[in-house]
Every structure is written in C-alpha cells, then in structure tokens.
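Undergrad:
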Amino acid sequence: MNSTKKISLRKKINATKRRFREAKMIARGLKSKNHPILVHLVPIRRCNLSCTYCNEFDDFSKPVPKEELLQRIDLLSDLGAENIHISGGEPLLHPDAEELIEYISSKGILSGLLTNGYLLTIERIKKLNKAGLSYLQISVDNVLPNDVSKKSLKVLDQKLQWLAEHAEFDVSINSVLGTEVSGEDAILVSERVAQLGLKSTVGIIHDSSGHVKPFDEKQRSIYAQLRTMAEKSFLNVAYYQQFQENLIQGQPNQWHCGAGTRYLYVCEDGLVHYCSQQRGYPAIPLQEYTKRHMELEYSKAKPCAPFCTISCVHRVAMIDHLREKPMEALQRFFPPKPGMDERSGMPVPVRFLTWLFLPGNQTSSGKRILRRAAEKLFGVQQHN
Ligand code: SF4
Ligand code: SF4
24 MNSTKKISLR
34 KKINATKRRF
44 REAKMIARGL
54 KSKNHPILVH
64 LVPIRRCNLS
74 CTYCNEFDDF
84 SKPVPKEELL
94 QRIDLLSDLG
104 AENIHISGGE
114 PLLHPDAEEL
124 IEYISSKGIL
134 SGLLTNGYLL
144 TIERIKKLNK
154 AGLSYLQISV
164 DNVLPNDVSK
174 KSLKVLDQKL
184 QWLAEHAEFD
194 VSINSVLGTE
204 VSGEDAILVS
214 ERVAQLGLKS
224 TVGIIHDSSG
234 HVKPFDEKQR
244 SIYAQLRTMA
254 EKSFLNVAYY
264 QQFQENLIQG
274 QPNQWHCGAG
284 TRYLYVCEDG
294 LVHYCSQQRG
304 YPAIPLQEYT
314 KRHMELEYSK
324 AKPCAPFCTI
334 SCVHRVAMID
344 HLREKPMEAL
354 QRFFPPKPGM
364 DERSGMPVPV
374 RFLTWLFLPG
384 NQTSSGKRIL
394 RRAAEKLFGV
404 QQHN
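Now the structure itself:
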C-alpha cells in the first residue's frame with residue numbers, strides 16, 4: 024500500500040473513532056449536567072499576529088510551564104471534561120504544544136487546537152497526528168492581508184494544502200463575517216476550502232468592543248451562500264438555525280449559557296472564567312474549582328447571553344436544551360419538513376440517541392436492554 028493510501032485509511036479509521044467518541048460525549052451530556060463538555064485551556068497568551076478585533080492576546084507573555092499545564096489537565100479530567108482545546112494567543116508558540124495534546128488524548132479526552140496556522144509545517148502536522156489530536160480549527164479572515172487581520176488565504180493556502188494532505192485529525196476552516204471583514208472574501212475562502220476537501224464553518228465575529236451589528240441585505244445574502252457550503256453535521260445545522268439566524272438579524276437569542284459548568288475557560292494563570300469575553304467571572308483557581316461551584320454556576324443567568332457570539336458555548340448549550348426540554352429543543356433545532364411528521368427534519372443519529380436516552384417515552388423491556396448495553400458502551404454511568 025502506498026503512503027497516500029495509508030494516510031487516507033488512517034484518516035478514515037481516526038474519523039470513525041472520533042464519531043464514536045462524540046456519540047459517547049453526547050450520550051453522557053444527555054444523562055448528566057454535572058461535568059464540562061468543553062474546556063478552553065490557554066497555555067500562552069502571546070500571539071505572533073495582532074488582529075484588530077481581538078482582545079485575547081499580548082505580544083510579551085511567556086509560555087506557562089509544562090508541568091503546571093499537565094496538572095491543570097489532570098484537574099480537568101477529574102472534573103469529567105469531555106473536550107480540552109488549547110487556545111491562546113497562539114498555542115503553537117508554546118514549545119510543548121504537541122506534548123499537551125498527547126497528554127489530553129492519553130486520558131481519553133477529545134483534544135483540540137485553535138491556531139492561526141502560521142506555525143504549521145508538514146513536520147508539525149505529523150507530530151500532531153502522532154499526539155492523537157482530534158480537531159484543529161483555523162479562522163481565515165480575508166484573501167489578502169490587511170490592517171485588520173493577517174489570517175489570509177494568500178498566506179495560509181500552503182498550510183491548508185499540507186493539512187489536506189497530511190492531517191489525520193478533523194480540520195475545520197472557519198470563514199468569518201462581521202463588521203470588520205469583507206463578505207466576498209469569506210466566499211472565496213469557503214470555495215478554496217471545499218476545493219481542498221476540508222470542512223468549512225461560518226463564524227460571526229464581534230468587533231473589538233465585543234458587539235455584532237445586524238447584517239445588511241448584502242451580508243445576509245453572502246451568509247446564505249456560506250451556509251450552503253458549510254459542513255452539514257447535525258450540531259452545525261441546528262446551531263446555524265437556532266443561533267446565527269437571530270444574530271445576523273440583530274435579534275437576541277433566548278438560551279441558557281452553561282459557562283462555568285458545561286464550558287470552562289482556563290486562562291494562563293490557571294483561573295476558571297466563564298469565557299474569553301467574560302474574564303474575571305468567577306475567576307476561581309482551577310485547583311479550588313469543585314462540582315459544587317459547577318452546580319451553582321449552571322443555574323446562574325448570564326446577562327450577556329442574548330447577543331453572545333461564542334459559538335462553541337451555544338453548541339454545548341444545545342445538548343443541555345435537549346436534555347431539559349427534548350421535544351421543544353428538537354422542534355427548534357430541526358424544524359419538520361413541510362407537510363411531513365414532526366420528526367422528519369431530524370437526522371437519524373439524533374432520533375436514535377434521544378429515543379434511547381431521554382426520559383418520557385414508554386420503556387419496553389427490549390429498549391431497557393438496549394439502553395443498558397449502550398450505557399455500558401458509552402460509559403455513561405460514571406458521571407451520574
Ligand atoms: S491570531 Fe487569533 S489570538 Fe492572535 S491576534 Fe488574531 S484572533 Fe487574536
Ligand atoms: S453568554 Fe456568551 S459571553 Fe456571556 S458568559 Fe456565556 S459564553 Fe460568555
């Protein structure tokens with residue numbers, strides 16, 4: 024077997040393992056609300072770029088010592104974290120980035136890397152494969168570098184080609200829309216991403232004050248085009264339907280933000296915050312953060328929620344909405360197709376997982392046996 028075929032086979036095997044691990048994550052999320060589904064861990068605040076809309080970087084901080092980060096990963100694992108994604112600043116500026124990923128993966132936790140892509144090389148991509156990285160995400164802001172952002176297709180195209188060729192993890196390229204970026208560029212980026220066979224997502228970026236303005240007609244039409252090109256996983260489709268459509272129209276979203284419980288942002292000083300935009304709350308050292316804190320934070324209403332643009336926290340909240348009000352959530356995420364029954368808009372895996380794990384339906388003995396077998400398979404008892 025030649026090396027291209029070997030890489031493609033490994034990609035398929037890894038993707039299958041990831042889908043299984045994701046199903047396990049959703050099943051656990053539907054069973055219990057007491058563990059974090061996603062954590063962003065900052066190993067370094069410094070960035071090699073300086074995008075004008077960004078308030079998450081500096082140009083001087085030193086990397087957090089590896090031993091401290093490994094300890095933080097242990098603590099997050101003890102809290103039951105399903106995903107730990109390293110972000111920044113630019114996480115690839117950390118000299119031990121690959122080792123951190125390897126350590127996260129060795130604990131059976133899904134690992135992710137949010138990077139601007141500048142420091143990727145073929146060698147580094149191979150190291151990330153070896154480390155067991157699950158997801159890598161790059162946002163590409165424009166075609167040519169400008170004063171707002173240098174995360175440009177022109178600069179990153181070679182890196183994207185290397186990723187398409189060598190990466191054995193999920194790569195998703197985020198095309199962004201917002202006040203400070205050009206929509207036409209976002210279409211060109213998405214077309215190139217599709218040509219390379221990588222996944223694309225659509226993101227809405229806030230300006231440097233953390234706000235997003237309602238889209239005008241032209242931006243809305245570009246947004247509609249981008250959505251047709253974006254990856255069609257059920258969480259993505261449901262997310263666009265539920266959250267982004269409101270934001271682009273300047274409408275608030277009615278949702279419960281689970282930051283502080285279901286999503287944690289652990290900064291370079293090892294403090295737990297709600298998210299990158301709400302640093303300072305609750306700002307408790309991770310080693311003191313307990314299930315009791317998570318219980319309290321889960322029920323707190325966040326005043327910033329209606330116009331929040333942090334898509335990863337929205338996605339996590341969708342699992343909780345599904346657990347708390349299953350039928351209402353499903354109708355909202357997957358509106359029925361015209362003239363068809365109420366489940367017609369739902370993808371098959373969603374129907375299966377909700378049928379199996381959600382309370383409220385009559386439980387036959389066959390279903391009980393299947394549920395027990397699935398619980399064992401997905402290890403869902405451990406967080407109860
Ligand atoms: S590359 Fe990312 S972290 Fe760095 S300045 Fe731009 S948005 Fe911020
Ligand atoms: S609503 Fe958004 S901005 Fe506010 S705490 Fe939650 S994730 Fe952060």
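All residue numbers for the sequence shown refer to the numbering used here, where the first residue is 24 and numbers rise by one.
Note that the Cβ used here is the ideal one computed from N, Cα and C, for glycine as well.
Going by DSSP, what residues sit across from residue 367 in a beta bridge?
TA: BP columns for residue 367 are empty, so no partner.
Undergrad: Under DSSP, the beta strand (DSSP E) around residue 136 begins and ends at which residues?
TA: Here the beta strand (DSSP E) through residue 136 covers 133–137.
Undergrad: Using CA atoms only, rank isn't needed, just tell me which of 186, 390, 130 is closest to residue 414.
TA: Past the boundaries of the shown model lies residue 414; the chain is included only from 24 to 407, so the question cannot be answered.
Undergrad: What is the DSSP secondary structure of residue 294, reduced to helix, strand or coil?
TA: Strand at residue 294.
Undergrad: Can you find the residues in the same chain that come closer than 6 Å, C-beta to C-beta, to residue 346, ignoring five residues on each side of it along the sequence?
TA: Excluding sequence neighbours, residue 346 sits near 53.
Undergrad: Residue 169: beta carbon under 7 Å from a heavy atom of ligand 1?
TA: Because no heavy atom of ligand 1 lies under 7 Å away, the Cβ of residue 169 does not count as near it: no.
Undergrad: Quick one: what does DSSP say residue 285 is sitting in, helix, strand or coil?
TA: If DSSP states are grouped into helix, strand and coil, residue 285 belongs with coil.
Undergrad: Should residue 352 be listed as close to ligand 2, given that the test is whether its C-beta is under 7 Å from any heavy atom?
TA: No, Cβ of residue 352 sits at least 7 Å from all heavy atoms of ligand 2.
Undergrad: Verify whether the separation of the beta carbon atoms of residue 152 and residue 113 is less than 8 Å.
TA: No, the pair does not count as a contact, with Cβ atoms beyond the cut-off.
Undergrad: Give every residue of the same chain whose Cβ lies closer than 8 Å to the Cβ of residue 270, excluding the five residues on either side of it in the sequence, and list them in chain order.
TA: Correct list, in chain order: 227, 235, 276, 330, 332.
Undergrad: From the DSSP output, which residues share a beta bridge with residue 227?
TA: The partner list for residue 227 (beta bridge, DSSP) reads 200.
Undergrad: Is it buried or exposed for residue 208, if we count other Cβ within 10 angstroms and need 16 for buried?
TA: Buried, because 16 or more other Cβ atoms sit within 10 Å of the Cβ of residue 208.
Undergrad: Can you pull the DSSP bridge partners for residue 222?
TA: 195, per the DSSP bridge assignment.
Undergrad: Pick out whichever of 251, 191, 278, 127 has its Cα sitting closest to the Cα of residue 148.
TA: Answer by Cα proximity: 191.
Undergrad: Sorry if obvious, but does the Cβ on residue 333 come closer than 7 Å to a heavy atom of ligand 2?
TA: Checking every heavy atom of ligand 2 against the Cβ of residue 333, one is found closer than 7 Å.
Undergrad: Can the beta-carbon of residue 338 be found less than 8 Å from the beta-carbon of residue 262?
TA: Taking 8 Å as the Cβ cut-off, residue 338 and residue 262 qualify as a contacting pair.
Undergrad: Just verifying my parser: in three-state terms, what is the DSSP assignment at residue 324?
TA: Residue state, collapsed to three classes: coil.
Undergrad: Whose C-beta lies closer than 8 Å to the C-beta of residue 255 among residues of the same chain, with five residues either side of it excluded?
TA: Correct list: empty, nothing qualifies.
Undergrad: Can you tell me which of the three DSSP states residue 108 falls into?
TA: Strand.
Undergrad: Grab me the residues of residue 367's own chain with a C-beta within less than 8 Å of its C-beta, minus the 5 sequence neighbours each way, in chain order.
TA: Cβ neighbours of residue 367 beyond the five flanking positions: 359, 360.
Undergrad: Is there a Cβ of chain D sitting closer than 8 Å to that of residue 57, yes or no?
TA: Chain labels in this structure do not include chain D; a single protein chain is all it has.
Undergrad: According to DSSP, which residues form a beta bridge with residue 81?
TA: Answer by DSSP bridge pairing, in chain order: 69.
Undergrad: Within its chain, find whatever has a CB closer than 6 Å to the CB of residue 60; leave out the 5 residues flanking it on each side and keep chain order.
TA: Only 52, 105, 285, 339 meet the Cβ criterion.
Undergrad: Kindly indicate the opening and closing residues of the alpha helix (DSSP H) around residue 116.
TA: Taken as a continuous stretch (DSSP letters only), residue 116 belongs to no alpha helix (DSSP H), as it is neither H nor E.
Undergrad: Consider the C-beta atom of residue 300 and the heavy atoms of ligand 2; say whether any pair is separated by less than 7 Å.
TA: Residue 300 Cβ: within cutoff of ligand 2.
Undergrad: Roughly how many angstroms lie between the CA atoms of residue 41 and residue 133, to the nearest whole one?
TA: C-alpha separation (whole angstroms): 8 Å.
Undergrad: Going by C-alpha to C-alpha distance, which of 189, 180, 46 sits closest to residue 30?
TA: That would be 189, whose Cα lies nearest to the Cα of residue 30.
Undergrad: Please classify residue 63: does DSSP put it in a helix, a strand, or coil?
TA: If DSSP states are grouped into helix, strand and coil, residue 63 belongs with the strands.
Undergrad: Count the other CB atoms, across all protein chains shown, that sit within 10 Å of the CB of residue 292; report buried if there are 16 or more and exposed otherwise.
TA: Exposed: under 16 other Cβ atoms inside 10 Å.
Undergrad: Mind checking who residue 372 pairs with in its DSSP beta bridge?
TA: Paired residues: none, contrary to the question.
Undergrad: Sorted by chain position, which residues of the same chain lie with C-beta nearer than 6 Å to residue 222's C-beta, five sequence neighbours on each side aside?
TA: Hits under 6 Å: 195, 254.
Undergrad: Could you check if residue 352 is buried or exposed, using at least 16 other CB atoms within 10 Å of its CB as the buried criterion?
TA: So residue 352 ends up on the buried side.
Undergrad: Which runs of the alpha helix (DSSP H) fall wholly inside the stretch 24–64 and span at least 4 residues, in chain order?
TA: Qualifying alpha helix (DSSP H) stretches, in chain order: 26–54.
Undergrad: When burial is assigned at 16 or more other CB atoms within 10 Å of the CB, is residue 405 buried or exposed?
TA: Confidence at residue 405 is low in this model, with a pLDDT of 44, below 50, so the placement of that residue should be treated as unreliable; the coordinate-derived value is given next. Exposed: under 16 other Cβ atoms inside 10 Å.
Undergrad: Beta-carbon within less than 6 Å of residue 72's beta-carbon, same chain only, minus the 5 sequence neighbours each way: which residues are those?
TA: Answer for residue 72: 139, 173, listed in chain order.
Undergrad: Spatial neighbours of residue 115 within its chain, please: CB distance less than 6 Å, with the 5 preceding and 5 following residues excluded, ordered by chain position.
TA: Closer than 6 Å at Cβ, skipping near neighbours: 138, 142.
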